[in-house]
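Mapping of the sequence shown onto the numbering used here: position 179 corresponds to residue 188, and the numbering continues sequentially without gaps.
Have a look at the structure below, then the notes.
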Amino acid sequence: MTNSENRNELRKVDETKEKLVFIYALDGGAVNKTTHFFKRIVSPSKIECPLYGLTHDAKGIKPEVLDFMKRFGVPYEILYQNEFIQKYEGFEIFGKFKIEEASFPSVYIILGDERAERDIYELIRPTYFQKCESLSCFGKVLKRKYAQFHELGPEEFRVQNRKTQDFEADEDAEKKQKIEKAHEKIVEMEKQKETKE
Numbered sequence: 010m011t012n013s014e015n016r017n018e019l020r021k022v023d024e025t026k027e028k029l030v031f032i033y034a035l036d037g038g039a040v041n042k043t044t045h046f047f048k049r050i051v052s053p054s055k056i057e058c059p060l061y062g063l064t065h066d067a068k069g070i071k072p073e074v075l076d077f078m079k080r081f082g083v084p085y086e087i088l089y090q091n092e093f094i095q096k097y098e099g100f101e102i103f104g105k106f107k108i109e110e111a112s113f114p115s116v117y118i119i120l121g122d123e124r125a126e127r128d129i130y131e132l133i134r135p136t137y138f139q140k141c142e143s144l145s146c147f148g149k150v151l152k153r154k155y156a157q158f159h160e161l162g163p164e165e166f167r168v169q170n171r172k173t174q175d176f177e178a179d180e181d182a183e184k185k186q187k188i189e190k191a192h193e194k195i196v197e198m199e200k201q202k203e204t205k206e
């Protein structure tokens, strides 16, 4: 399968009921896509978007990604961040902020019909992509978050997702504080050492 066939396969979307939207933390467009192509070949480790890195190799979209999504069975599309903003501009996420304020990479779930009102919810935030270094890990996270979304319902899922995000922010702040305290101790020990000499 060629790259263009892969891309066309990924763009097949049933515009009714629900779909997943995977968004790269990269801009699309001819020049950008050419740059991404060469980075995949020359230095894949320099790709700035972890989702893109998980789903692509030197040849393009990994066949196992296509297989996974086919087995997952939910309509989906993959967009670059600028394509996502253009397509869904004006949508509100949780009624709190505009799509332009979304962070990337991420996965959203869209409920509703293309010709009617639709709701959009953040399913997977960027922090998960920093933690998942393999397609297997990402697949497990996607399955778990998708199941949670349907078990809890959109509003309760939103609340739980927010709590998790707040907890992660608190956890990060706590780690940062510990690092700063350790640094202060090291500086203090160095000062004491200099004083003794």
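Cβ coordinates follow ideal geometry from the N, Cα and C atoms, glycine included.
Everything numeric in this text was worked out from a predicted model, so none of it was measured.
CA-to-CA distance, Gln-157 to Leu-120, given in whole angstroms: 15 Å
Alpha carbon of Phe-93 to alpha carbon of Met-198, nearest angstrom: 51 Å
Spatial distance of Phe-113 from Asp-76 (CA atoms): 24 Å
C-alpha gap between Phe-106 and Arg-171, whole angstroms: Because Phe-106 carries a pLDDT of 48, less than 50, the predicted location of this residue cannot be relied on, and no value is offered for it.
Cβ neighbour criterion (16 or more within 10 Å) applied to Glu-203: exposed
Where Thr-64 falls, given that 16 or more other Cβ within 10 Å makes a residue buried: buried
Where the beta strand (DSSP E) through Arg-127 begins and ends: 127–133
Ser-115 (DSSP reduced to helix, strand or coil): strand
Reduced DSSP secondary structure (H/G/I, E/B, other) of Gly-37: coil
Proximity winner among Glu-98, Ile-118, Ala-67, relative to Lys-26 (alpha-carbon distances): Ile-118
Best match in Glu-160, Ile-32, Lys-79, Ile-70 for proximity to Ala-214 [C-alpha to C-alpha]: Any answer about residue 214 is impossible in this case: the structure gives the chain only from 10 up to 206.
Presumed contact (8 Å Cβ cut-off) between Tyr-85 and Lys-28, rounded CB distance: 6 Å
Asp-179, buried or exposed, once every other Cβ within 10 Å from all chains shown has been counted against 16: Confidence in Asp-179 is poor, its pLDDT being 49 and thus under 50, which makes the residue's placement too unreliable to answer from.
Residues near Phe-147 in its chain [Cβ-Cβ closer than 6 Å; skip 5 each side]: Leu-63, Cys-141
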